[in-house]
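A.B. asks: Sending over a structure as structure tokens; questions will come in a sec.
There are 2 protein chains.
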Amino acid sequence: MNTAQSALVEAVRVALGDKAVVTDRHDIAPWESDWRGRYHGHAPAILAPDTAEGVATILALAYAQGVPLVPQGGNTSMVGGATPPADGSALILSLRRMNRIRAISAADNLAVAEAGVILADLHAAVGEQGRRFPLTLGARGSATIGGLTSTNAGGTQVLRFGTMRGLVAGIEAVLPDGSVHAGLAALKKDNRGYDLNQLLIGAEGTLGIITAVTLRLVPAATDRAVAWVAVADPADALALLRRLEAATQAIEGFEIIPGDSLQLVLDHIPGTRAPLAGTHRWHVLIEATASDAQEEAPAALLERLLAPAIAEGQVADAVIAASEAQAEAFWRIRDSLSEAERASGPAAQHDISVPVADMPRFMIEAAAACEARFPGVRASAFGHLGDGNVHFHVRAPAGADPALWYAGDGPAITRFVNDLVVAAGGSISAEHGIGQMKLHELERLSAPARLAALRAIKGALDPRWIMNPGKLVALAPIPRAP
Amino acid sequence: MNTAQSALVEAVRVALGDKAVVTDRHDIAPWESDWRGRYHGHAPAILAPDTAEGVATILALAYAQGVPLVPQGGNTSMVGGATPPADGSALILSLRRMNRIRAISAADNLAVAEAGVILADLHAAVGEQGRRFPLTLGARGSATIGGLTSTNAGGTQVLRFGTMRGLVAGIEAVLPDGSVHAGLAALKKDNRGYDLNQLLIGAEGTLGIITAVTLRLVPAATDRAVAWVAVADPADALALLRRLEAATQAIEGFEIIPGDSLQLVLDHIPGTRAPLAGTHRWHVLIEATASDAQEEAPAALLERLLAPAIAEGQVADAVIAASEAQAEAFWRIRDSLSEAERASGPAAQHDISVPVADMPRFMIEAAAACEARFPGVRASAFGHLGDGNVHFHVRAPAGADPALWYAGDGPAITRFVNDLVVAAGGSISAEHGIGQMKLHELERLSAPARLAALRAIKGALDPRWIMNPGKLVALAPIPRAP
Chain Y
1 MNTAQSALVE AVRVALGDKA VVTDRHDIAP WESDWRGRYH GHAPAILAPD TAEGVATILA
61 LAYAQGVPLV PQGGNTSMVG GATPPADGSA LILSLRRMNR IRAISAADNL AVAEAGVILA
121 DLHAAVGEQG RRFPLTLGAR GSATIGGLTS TNAGGTQVLR FGTMRGLVAG IEAVLPDGSV
181 HAGLAALKKD NRGYDLNQLL IGAEGTLGII TAVTLRLVPA ATDRAVAWVA VADPADALAL
241 LRRLEAATQA IEGFEIIPGD SLQLVLDHIP GTRAPLAGTH RWHVLIEATA SDAQEEAPAA
301 LLERLLAPAI AEGQVADAVI AASEAQAEAF WRIRDSLSEA ERASGPAAQH DISVPVADMP
361 RFMIEAAAAC EARFPGVRAS AFGHLGDGNV HFHVRAPAGA DPALWYAGDG PAITRFVNDL
421 VVAAGGSISA EHGIGQMKLH ELERLSAPAR LAALRAIKGA LDPRWIMNPG KLVALAPIPR
481 AP
Chain E
1 MNTAQSALVE AVRVALGDKA VVTDRHDIAP WESDWRGRYH GHAPAILAPD TAEGVATILA
61 LAYAQGVPLV PQGGNTSMVG GATPPADGSA LILSLRRMNR IRAISAADNL AVAEAGVILA
121 DLHAAVGEQG RRFPLTLGAR GSATIGGLTS TNAGGTQVLR FGTMRGLVAG IEAVLPDGSV
181 HAGLAALKKD NRGYDLNQLL IGAEGTLGII TAVTLRLVPA ATDRAVAWVA VADPADALAL
241 LRRLEAATQA IEGFEIIPGD SLQLVLDHIP GTRAPLAGTH RWHVLIEATA SDAQEEAPAA
301 LLERLLAPAI AEGQVADAVI AASEAQAEAF WRIRDSLSEA ERASGPAAQH DISVPVADMP
361 RFMIEAAAAC EARFPGVRAS AFGHLGDGNV HFHVRAPAGA DPALWYAGDG PAITRFVNDL
421 VVAAGGSISA EHGIGQMKLH ELERLSAPAR LAALRAIKGA LDPRWIMNPG KLVALAPIPR
481 AP
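Protein chains in written order, with the UniProt record's numbering: chain Y, 1 to 482; chain E, 1 to 482.
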């Protein structure tokens with residue numbers, strides 16, 4: 001711990017008490033690496049305030065001392081966004097003790113949750129009042145509201161309800177100098193200059209610390225139906241989605257899954273079985289919900305809408321889960337795709353988006369281009385077709401050495417895929433953010449105007465560059481390889 | 001015209017041709033004042049490029065020369081946001097020649113419109129393809145897409161479809177140094193750092209010039225119904241809205257109108273008549289639409305939903321327009337409120353928002369507080385109750401001298417009303433923006449942290465402070481009266 005860090009730690013201990021400071025190596029260690037074990041950092045201490053005032057105190061002190069801070073919620077970043085630098089130059093600022101749900105108003109369809117509230121806990125709390133917070137993802141048992149907001153998280157219900165950006169109605173945050181942005185009021189209209197809330201959403205903790213968020217709720221679902229559908233190709237899948245959306249607003253999940261990914265799940269995940277007989281090249285998992293007994297039952301709705309699609313040949317085969325257990329089994333296949341893939345060997349994974357209409361062609365052509373350019377790999381994409389966002393994964397040739405692959409072909413493939421994404425007008429980070437993992441690729445692939453704007457904003461709001469250093473935007477242009 | 005301006009004008013003439021430069025005083029004059037005649041400025045020339053490249057050329061030159069520019073679309077600002085400074089220090093940058101609709105995709109529900117496209121023209125063009133751009137307002141015959149985006153415009157359909165912020169899928173803009181932000185791609189998910197599109201929306205041209213926008217469309221409406229409803233007070237009106245919204249997603253207009261405002265319309269606007277017999281203290285105009293023949297007809301829907309509200313006494317009386325002509329007549333009353341008020345004498349007008357649930361009480365209590373504090377005035381609020389946004393108007397005592405009123409009591413009342421809004425956690429500009437009209441009040445009422453952040457962002461992206469000077473944020477803190 002350097003002198004400035006020591007001074008900060010002692011000052012925080014005096015101001016906020018012993019509970020707000022963690023210096024025991026054993027307690028710190030689990031938070032120094034990301035959950036996938038790809039990034040390893042070092043932090044001499046964790047600061048853990050339990051109020052917004054405490055956060056403000058810490059930031060004012062850190063700003064004065066010039067001590068970098070890495071904010072952390074559930075530490076579930078996919079891009080190393082919450083892992084401290086390896087040189088020990090930063091302390092971790094944990095928001096986990098700020099875990100109160102300050103208010104739930106069922107009548108207003110609003111909840112106010114502190115940054116450290118775990119998503120699953122919020123789901124449960126609003127559920128007790130007949131409401132639902134309509135964003136969910138695999139890490140819901142660990143991911144926190146502050147992190148979800150700071151990364152503009154997505155998930156499997158974005159199709160109907162949008163990402164965090166659309167679900168956040170207000171933000172309380174502490175800016176890098178310790179001043180407080182009091183923006184929790186849920187104003188549907190507010191044109192008082194630049195929208196600081198929107199700027200903080202997706203800023204990955206580089207512009208300040210979100211301490212609490214006002215969230216929009218929807219009525220709890222009263223019924224759902226889950227269908228498993230086989231289609232010839234992604235184009236037919238998208239046409240099916242458009243048919244469904246033209247007829248109903250009840251569709252909230254629409255996940256495309258290639259046949260070989262399904263096969264990996266059947267091969268590697270115990271207890272799974274194929275929902276449909278026969279072999280199909282593409283599959284779609286569809287979920288429809290109702291929140292009112294007066295609405296058409298989702299199962300009847302899907303049956304009614306899928307029948308003509310089958311008759312016309314747009315859908316090759318389809319089954320609607322006959323029970324909640326079967327619905328869960330269908331979703332388990334979807335949720336096991338990454339795990340099954342990991343079990344089968346190393347892969348280069350990409351969370352990318354292109355305009356929705358272009359995605360079917362991109363999925364086919366980009367996979368073919370990868371397989372042609374890197375002989376022996378298998379490329380395939382699965383996920384949120386209706387959002388124009390898929391997880392585009394390229395699996396190493398059978399028998400590839402993982403260490404060699406991740407050091408050599410893996411990054412080369414990532415650059416190749418990202419080039420294709422940029423050529424298609426897409427984004428190299430659809431929902432996972434930049435963190436440290438995508439920093440170099442963002443620099444390599446962004447227009448100079450865009451990078452200059454990101455740096456200017458960062459420098460304007462965090463002039464000492466102490467908030468989550470080394471994430472999202474680099475202090476100076478990263479030198480490009482010759 | 002000063003030397004730098006002359007040099008810029010000549011350089012633009014050479015680069016973009018004579019059509020891109022207007023120096024005739026008669027041609028400039030109409031654009032030097034706002035449409036309500038409250039703000040009068042002076043611009044030695046208008047620059048009028050017709051391509052994004054032309055805008056980039058102009059900004060690069062202006063940046064190099066340090067010449068301030070005031071962007072202008074339809075010049076329909078409610079807050080003097082498009083009026084140049086009086087000292088002639090700025091040129092007008094008109095986007096009106098950039099009026100192409102570059103693309104409409106009915107299948108994707110997207111359109112790409114240049115900044116100078118007039119809203120009504122966009123409505124017509126997408127209508128021909130069975131689509132609707134679901135934002136409209138009184139100035140639709142003049143207001144342009146660039147201005148609507150730069151001011152995050154609202155209007156009467158925000159309840160269902162949101163403000164421009166929710167309807168913009170992509171932005172092409174030129175940053176102050178002439179570099180181009182190419183963000184038109186309609187990516188539903190894109191987490192590549194700070195969201196520059198969201199930052200430009202509502203920035204009032206102070207951070208760069210929006211040159212084209214990708215807009216979300218919805219299916220064209222196939223049917224609508226308009227109801228006029230009498231209620232006892234705003235609380236009952238909000239309860240009615242919640243009842244309707246719990247049962248249907250078809251409600252897209254819900255405008256509250258006080259009885260005395262209706263009376264002003266009946267007194268001053270020829271050809272209007274009260275939709276309901278008898279006298280009522282509060283009225284609500286409700287519009288429901290359908291975009292599919294399979295949906296319940298909106299008139300039947302409203303009848304079905306209003307019947308129990310009448311039976312329970314939540315609604316005192318109601319009528320559903322029996323014809324499109326009658327529906328238009330109901331809307332004409334709503335759209336004539338401001339005109340009728342102007343005909344009755346001077347008034348201090350405020351476009352404000354508070355959290356939706358607090359609005360009924362605010363409307364009553366703030367009006368009473370105004371009338372108690374300023375004897376003889378009449379305060380009332382009308383508008384978008386479901387958005388938590390009303391136009392809160394305070395009319396001068398009968399016989400007040402307009403010039404004296406606007407110089408003395410008017411501003412005092414505005415400060416009084418704005419104080420009440422801030423105390424209620426609301427916004428002093430819900431949908432009109434800050435422009436030059438609200439600049440002092442924004443400074444007076446914002447937290448120092450917020451003002452510092454606005455200034456820092458402005459200075460970071462426009463270091464010479466040449467984009468729309470004197471609007472939205474002041475270069476230095478405005479001295480406060482002792």
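In this text, a Cβ means the ideal position worked out from N, Cα and C, and glycines have one as well.
1. Taking a cut of 7 Å between CB atoms, which residues from the stretch 189-211 of chain Y lie near chain B?
2. Quick one: Cα of residue 465 of chain Y to Cα of residue 59 of chain Y, how far?
3. Could you give the first and the last residue of the continuous alpha helix (DSSP H) run that contains residue 65 of chain E?
4. Looking at the structure shown, is residue 238 of chain Y part of a helix, part of a strand, or coil, going by DSSP?
5. Any contact between the stretch 67-83 of chain E and the stretch 27-41 of chain E? By contact I mean 3 or more CB pairs, one from each, below 8 Å.
6. Buried or exposed for residue 147 of chain E, please, with buried defined as at least 16 other CB atoms from any protein chain shown within 10 angstroms of its CB.
7. Name, going along the chain, the residues of the stretch 409-427 of chain E whose beta-carbon falls closer than 8 Å to a beta-carbon of chain Y.
8. In whole angstroms, what separates the C-alpha of residue 249 of chain Y from that of residue 240 of chain Y?
9. Is residue 24 of chain Y buried or exposed, if buried means 16 or more other CB atoms sit within 10 Å of its CB?
10. My guess is that residue 113 of chain Y and residue 184 of chain Y are in contact by the Cβ rule of under 8 Å, so how many angstroms apart are they, rounded?
11. Roughly how many angstroms separate the alpha carbons of residue 313 of chain E and residue 198 of chain Y, rounded to a whole number?
12. Helix or strand or just coil, what does DSSP make of residue 216 of chain Y?
13. Have a look at residue 438 of chain Y and residue 203 of chain Y and give me their C-alpha separation to the nearest angstrom.
14. Any beta-carbon of chain Y closer than 9 Å to the one on residue 256 of chain E?
15. Taking the continuous alpha helix (DSSP H) assigned at residue 405 of chain Y, which residues delimit it?
16. I'd like the span of the alpha helix (DSSP H) that includes residue 351 of chain E, first residue to last.
17. Can you check DSSP and say which residues form a bridge with residue 319 of chain Y?
18. Output needed in chain order: residues of the stretch 172-183 of chain E with a Cβ under 7 Å from some Cβ in chain Y.
19. Run the CB neighbour count on residue 2 of chain Y, radius 10 Å, all protein chains shown included, and call it buried at 16 or more, exposed below.
20. In whole angstroms, give me the CA-to-CA distance for residue 158 of chain Y and residue 417 of chain Y.
21. Between residue 380 of chain E and residue 395 of chain E, is the Cβ-Cβ spacing less than 9 Å?
22. Between residue 324 of chain Y and residue 268 of chain Y, is the Cβ-Cβ spacing less than 9 Å?
23. Excluding the five sequence neighbours on either side, which residues of its own chain have a C-beta within less than 8 Å of the C-beta of residue 143 of chain Y, listed in chain order?
24. Is it buried or exposed for residue 130 of chain E, if we count other Cβ within 10 angstroms and need 16 for buried?
25. Taking residue 27 of chain Y as the reference, give the member of Y/457, Y/40, Y/45 with the closest Cα.
26. Of all the alpha helix (DSSP H) runs that stay within the bounds of the stretch 78-139 of chain Y, which reach a length of 4 or more residues?
27. If contact means a Cβ-Cβ distance below 8 Å, which residues of the stretch 127-158 of chain E contact chain Y?
28. Specify, as a first and last residue, the run of the alpha helix (DSSP H) that residue 268 of chain E falls within.
29. Could you name the residues of the stretch 1-35 of chain E whose beta carbon sits closer than 9 Å to any beta carbon of chain Y, in the order they occur along the chain?
30. Taking the C-alpha atoms as reference points, what is the distance between residue 331 of chain Y and residue 37 of chain Y?
31. Within the same chain, show all residues whose beta-carbon is closer than 6 Å to that of residue 236 of chain E, passing over the 5 residues directly before and after it, in chain order.
32. Tell me whether residue 247 of chain E counts as near the ligand ATP, meaning its Cβ is closer than 8 Å to at least one heavy atom of that ligand.
33. If I follow the unbroken beta strand (DSSP E) through residue 171 of chain E, where does it start and stop?
34. If I'm right that residue 282 of chain Y touches residue 310 of chain Y with Cβ under 8 Å, what's the distance once you round it to whole angstroms?
35. Just checking: is the beta-carbon of residue 280 of chain Y within a distance shorter than 9 Å of some beta-carbon in chain E?
36. Relative to the alpha-carbon of residue 169 of chain E, which residue among E/366, E/149, E/403, E/156 has its alpha-carbon at the smallest distance?
C.D. replies: Based on what the coordinates show:
1. Of the protein chains in the structure, Y and E, none is chain B.
2. 12 Å
3. 52-65
4. helix
5. yes
6. Per the 10 Å Cβ criterion, buried.
7. 425, 426, 427
8. Their Cα atoms are separated by approximately 14 Å.
9. exposed
10. Not a contact, Cβ separation roughly 11 Å.
11. 42 Å
12. strand
13. When rounded, the distance between both Cα atoms is 14 Å.
14. no
15. That run of the alpha helix (DSSP H) goes 402-407.
16. Taken as a continuous stretch (DSSP letters only), residue 351 of chain E belongs to no alpha helix (DSSP H), being part of the beta strand (DSSP E) at 347-353.
17. Residue pairing of residue 319 of chain Y in beta bridges, as defined by DSSP: Y/228.
18. 175, 179, 180, 181, 182
19. exposed
20. Cα-Cα distance, rounded: 24 Å.
21. Taking 9 Å as the cut-off, the beta carbon of residue 380 of chain E is found closer than this to the beta carbon of residue 395 of chain E.
22. no
23. 73, 74, 76, 118, 119, 137, 153
24. exposed
25. It is Y/45.
26. DSSP runs (the alpha helix (DSSP H)) wholly in the stretch 78-139 of chain Y: 119-127.
27. 151, 152, 154, 158
28. 259-268
29. none
30. 26 Å
31. 314
32. Inclusion of the ligand ATP in the displayed structure is not the case, the ligand content being empty and no account of it being possible.
33. 168-174
34. Not a contact, Cβ separation roughly 15 Å.
35. No, because no Cβ of chain E sits closer than 9 Å to the Cβ of residue 280 of chain Y.
36. E/149
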